[in-house]
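In numbering that gives the first Met the number 0, the protein residues as written are 0 to 289. Positions of the beta carbon are idealized from the N, C-alpha and C atoms, including for glycine. Here the structure is a predicted model, which is why all the values come from computation and not from measurement. Take a look at the structure below.
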Amino acid sequence: MRRHGKNLTAFVLAGGGSLGAVQVGMLAALTRRGVVPDLVVGASVGAINAAYFAAEPDGRGVERLKTIWLKLRRTDVFPFSPIASVLGFFGKTDHLVAPAPLRSLIESELPFQRLEDARLPCYVVATDALEGSDVVLSSGPAVTALLASAAIPAVFPPVLLDGRYLLDGGVSNNTPISIAVAMGATRVIVLPTGISCALHAPPRGALAVALHALNLLIMRQLVNDIERCASVADVVTVPPLCPLSTTSYDFSQSAALIHRAEAATRLWLRTDGLLHLGASPALLAHHHHG
């Protein structure tokens with residue numbers, strides 16, 4: 000419910016696969032400036048980053064999150080299995096990637112077991128696999144909620160939680176500004192992962208192409224969501240990196256993405272970026288020559 004008479008700030012973190020490293024740099028710059036939200040909302044990889052940040056919403060917590068990203072490898076999230084791929088092709092299984100490595104990663108690093116135990120209110124967005132509606136989780140087992148929010152269709156299996164099969168939050172609401180507003184936020188600071196706008200060709204590999212296409216959809220939806228919610232809250236968008244030649248399937252560039260995003264966000268803050276409402280031009284359709 001909307002709470003009247005009190006200004007509340009929400010951080011809303013979008014999905015975007017390996018480009019979630021960009022959000023770590025943004026969080027580092029924001030916390031260094033003393034910008035701390037009253038609540039966080041996230042979907043897909045944004046939900047995972049939001050939950051880690053909600054556990055320790057300060058510079059020390061961001062440094063811990065940065066350490067996790069710097070040691071992350073593609074096989075920690077998307078371990079390729081030829082057997083699973085063949086079974087999936089013939090309809091013998093509903094996913095291509097086993098979720099066990101991602102579950103182990105979250106379990107080993109997340110400092111709380113239930114969402115309600117985070118220091119900041121944390122809202123994780125998933126999608127009902129049968130109805131297609133968004134499902135907002137703010138209590139209960141944190142690891143299960145995060146796996147559900149990140150369960151990319153056909154890549155990971157649906158997650159059964161409280162009698163409902165749940166999929167990636169990006170299917171219904173990948174940058175859930177509307178959820179933040181419904182929870183009472185009067186100022187929403189959006190942390191997008193950005194668009195791989197400087198690629199010379201589509202990424203190679205079926206999974207890489209699928210993640211790239213999903214990320215394009217997410218960012219287009221984000222612009223529409225910002226416009227739709229502008230009348231009910233002050234929506235500020237931290238500018239994503241541009242140009243960006245890293246894909247959402249490439250975990251080898253995390254250090255560079257974090258460094259670039261932190262520097263760019265610091266500059267944006269110094270030039271009163273928080274006072275500028277609306278979508279960043281880098282989220283609009285564009286391309287780079289050369």
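- The beta carbons of residue 114 and residue 138 sit closer together than 8 Å.
- Between residue 146 and residue 101, the alpha-carbon positions lie close to 8 Å from each other.
- Taking a contact to require three or more Cβ pairs closer than 8 Å, the segment 54-63 and the segment 239-250 do not qualify as touching.
- Counting along the chain, no beta strand (DSSP E) covers residue 53; the unbroken alpha helix (DSSP H) around it starts and ends at 44-54.
- In the DSSP annotation of this structure, the continuous segment of the alpha helix (DSSP H) that includes residue 268 starts and ends at 253-269.
- DSSP assignment within the segment 93-168 yields the following whole alpha helix (DSSP H) runs of 4 residues or more, N-terminal first: 99-108 and 141-148.
- Looking at the backbone, the Cα of residue 154 and that of residue 228 are separated by about 31 Å.
- The Cβ atoms of residue 187 and residue 125 do not sit closer than 8 Å to each other.
- Close CB contacts of residue 129 within its chain, under the 7 Å cut and outside five residues either way in sequence, are with 164 (chain order).
- Exposure of residue 254 is indicated by the presence of fewer than 16 other C-beta atoms within 10 angstroms of its C-beta.
- Under the three-state reduction of DSSP, residue 209 is assigned to helix.
- Residue 41 sits away from residue 28, with the two beta carbons spaced by 8 Å or more.
- Shown here, residue 9 sits in a strand according to DSSP, grouped into three states.
- For residue 127, the CB contacts under 7 Å within the same chain, skipping 5 residues up- and downstream, are 134, 163 and 165 in chain order.
- Bounds of the beta strand (DSSP E) holding residue 188 are 186-190.
- Between the segment 14-30 and the segment 188-198, the count of Cβ pairs shorter than 8 Å is three or higher; the stretches touch.
- For residue 38, DSSP records a beta bridge to 9.
- Residue 217 is not a Cβ neighbour of residue 65, given a cutoff of 8 Å.
- Measuring C-alpha to C-alpha distances from residue 11 to each of 5, 53 and 17 identifies 53 as the nearest.
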